[in-house]
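From first to last, the protein sequence lines are chains A and B.
Residue 1 is where the first sequence starts when you use my numbering, and the numbers rise one by one after that.
Residue 1 is where the second sequence starts when you use my numbering, and the numbers rise one by one after that.
There are 2 protein chains.
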Amino acid sequence: MAEELKVFRTWSSRFALRIIWALKLKGIEEYETIFEDITNKSPLLLQYNPVHKKVPVLVHNGKPISESLVILEYIDETWKHNPLLPEDPYERATARFWAKFGDEKTCTDEIDKVSDLYIDCHFKVEWKEQEEAIPQVMENLKYIEEQLKGNKFFGGETIGYTDIAFGWTANLLSVFEEVTGMKLLDEEKFPLLSAWMQNFSDVPVIKENWPPRDKLVIKYQATREKYLAAAAAGGPK
Amino acid sequence: MAEELKVFRTWSSRFALRIIWALKLKGIEEYETIFEDITNKSPLLLQYNPVHKKVPVLVHNGKPISESLVILEYIDETWKHNPLLPEDPYERATARFWAKFGDEKTCTDEIDKVSDLYIDCHFKVEWKEQEEAIPQVMENLKYIEEQLKGNKFFGGETIGYTDIAFGWTANLLSVFEEVTGMKLLDEEKFPLLSAWMQNFSDVPVIKENWPPRDKLVIKYQATREKYLAAAAAGGPK
């Protein structure tokens, strides 16, 4: 019986991108992609993820799975070849810890999870929040840099779970830099992380599945405009 | 060689309690417990969990693991008998989804993660936030109630990962009710969840390892006083 496999995503969601990468790394090419418009979500998305109403959702033989890190584990446990997580329990715990760290470090009203600190730094440039955010980002980056000591990827010689979890930074940070004219990731201070970004981006499966850069620049230019307008109006609500 | 196993906890941490329960459910009795004072954390705790500086930390043969849900998975993968997670990948994903839901539903400045909504409801009673928090808690409880249809525990007939993740509610909600005089979990509206709380509390390993109720009441009376004082002073900062 042919398996039914569907991915609900948006063109730009960094969480959904994780699922695409994981499937491709597993060599799974046969799946249907449903592109959602987050301003007008489909009834199917709301049915499959009634709790969070968000992409990504993976539907496997009728069963929906939500939350990108949960989906990654599901993919890894369902298709066991080309493992994303290492075998050793301690290494697995380490991978989960850092993926969770990336996703939960901060929490804002505007944009939830992950990258918030990066995004704050880049886009809240006019507010005092930025002064507080930058040292925090630097501290976080230092922790992440340390994880790469002696390794090409977080997963060792090949990319795995943590690489996929942090993967969006390898693309989006340079978009943020282009849009805001601000450079956070200094190659001299973070040589391993800088090298990782290049190594990660060079993996064919990753490179071939980035959202179009010009569209991302336009998207984040709009974000920038919104923040600038809010700053001109006296800062965030 | 005897294994070295240490748990860094506080007397009341609901996250640390998960680790104690999991070890006991695995039949692991031989471990050292280090009780931390969160107002004066030990150098060892800071060394083992430099990123979050929080309990619980499990140290296994010199290797520290942090983040309670990550530790639960580590325990389950290291000692495979009496599994906490089910075998089926979809059921595992479901368990992880709900545990994550419980831990990440909200995010406030005061108290991070989990229970925040419950705590908001109980303690922010004087502020308008409470009006917003109650319907949200009810919605969350409805989702959780649904997961118990046809099951005694989230894990089926025996307690598992999700039960352990939600387990604190079976104890603390009644403490909150006693302290604030407010009842959120209506047995008629949530019969399955109410039954689950009783069933969960009745499991010997769970019952024997609750923090002392009188101390919890005193702790949350102090929390209540703090919120009342803040309300009298014109609400939260």
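Every residue, glycine too, gets a C-beta built ideally from N, C-alpha and C.
What you are looking at is a predicted structure, and each value in this text was computed from that prediction instead of being measured.
Buried versus exposed, by CB contacts within 10 Å (16 or more), residue i
i              : result
residue 4(A)   : exposed
residue 172(A) : buried
residue 10(B)  : buried
residue 74(B)  : buried
residue 109(B) : Residue confidence is low: residue 109(B) scores 33 on pLDDT, short of 50, so the model does not pin down where it sits. Its coordinate-derived value is still stated next. Exposed, because fewer than 16 other Cβ atoms sit within 10 Å of the Cβ of residue 109(B).
residue 45(A)  : buried
residue 35(A)  : exposed
residue 227(A) : buried
residue 155(A) : buried
residue 37(A)  : exposed
residue 62(B)  : exposed
residue 27(A)  : exposed
residue 2(B)   : exposed
residue 232(B) : exposed
For residue j and residue i, the rounded distance between their alpha carbons
i              : j              : result
residue 60(B)  : residue 93(A)  : 12 Å
residue 43(A)  : residue 193(B) : 29 Å
residue 145(B) : residue 165(B) : 15 Å
residue 205(B) : residue 168(A) : 43 Å
residue 174(B) : residue 214(B) : 12 Å
residue 39(A)  : residue 199(B) : 43 Å
residue 99(A)  : residue 150(A) : 19 Å
residue 89(A)  : residue 184(B) : 39 Å
residue 114(A) : residue 138(A) : Unreliable positioning characterises residue 114(A) in this predicted model, as indicated by a pLDDT of 37, which lies under 50. The coordinate reading is nonetheless provided below. Approximately 15 Å, taken between the alpha carbons.
residue 22(A)  : residue 72(A)  : 7 Å
residue 55(B)  : residue 20(A)  : 35 Å
residue 83(A)  : residue 25(A)  : 9 Å
residue 229(A) : residue 219(A) : 16 Å
residue 209(A) : residue 210(B) : 49 Å
residue 18(A)  : residue 68(A)  : 7 Å
residue 223(A) : residue 32(A)  : 30 Å
residue 163(B) : residue 81(A)  : 31 Å
C-beta neighbour in chain B for residue i, strict 9 Å
i              : result
residue 69(A)  : yes
residue 219(A) : no
residue 211(A) : no
residue 78(A)  : yes
residue 51(A)  : yes
residue 60(A)  : yes
residue 97(A)  : yes
residue 111(A) : A caution first: residue 111(A) carries a pLDDT of 34, below 50, which makes its placement in the model unreliable, though a value can still be read off. For residue 111(A), the answer is no, since every Cβ of chain B falls outside 9 Å of its Cβ.
Span of the alpha helix (DSSP H), counted from its first residue to its last, around residue i
i              : result
residue 5(A)   : No alpha helix (DSSP H) contains residue 5(A), which is instead part of the beta strand (DSSP E) from 5-9.
residue 38(A)  : First-last for residue 38(A): undefined, no H or E at that position.
residue 165(B) : 161-166
residue 191(A) : 191-202
residue 21(A)  : 14-25
residue 177(B) : 169-180
residue 217(B) : 213-232
residue 44(B)  : 43-48
Residue-chain proximity (residue i, chain A), Cβ-Cβ < 9 Å
i              : result
residue 66(B)  : yes
residue 137(B) : no
residue 101(B) : yes
residue 73(B)  : yes
residue 93(B)  : yes
residue 9(B)   : no
residue 114(B) : At residue 114(B), the pLDDT of 37 sits below 50, so the modelled position is not reliable and the matter cannot be decided from this model.
residue 18(B)  : no
residue 14(B)  : no
residue 63(B)  : yes
residue 90(B)  : yes
residue 143(B) : yes
Delimiting residues of the beta strand (DSSP E) encompassing residue i
i             : result
residue 66(A) : 63-66
residue 57(B) : 57-60
Close-in-space but distant-in-sequence residues of the same chain around residue i (CB under 6 Å, 5 per side omitted)
i              : result
residue 148(B) : 192, 196
residue 141(B) : 190
residue 57(B)  : 8, 48, 49, 64, 66
residue 212(B) : none
residue 170(A) : 197, 200, 201
residue 14(B)  : 168
residue 152(A) : 199
Other residues of its chain near residue i: CB distance less than 7 Å, five sequence neighbours each side excluded
i              : result
residue 85(A)  : 76, 92, 95, 160, 161
residue 187(B) : 194
residue 203(A) : 159
residue 41(B)  : 53
residue 207(A) : 201
Residues of its chain near residue i, where Cβ-Cβ distance is below 8 Å and the 5 sequence neighbours each way are ignored
i              : result
residue 221(A) : 179
residue 78(B)  : 60
residue 216(A) : 12, 171, 172, 175
residue 97(B)  : none
Checklist entry - the segment 183-204 of chain B: which residues have C-beta closer than 7 Å to a C-beta of chain E, in chain order? => result Absence of chain E from the displayed structure is noted, the protein chains being A and B.
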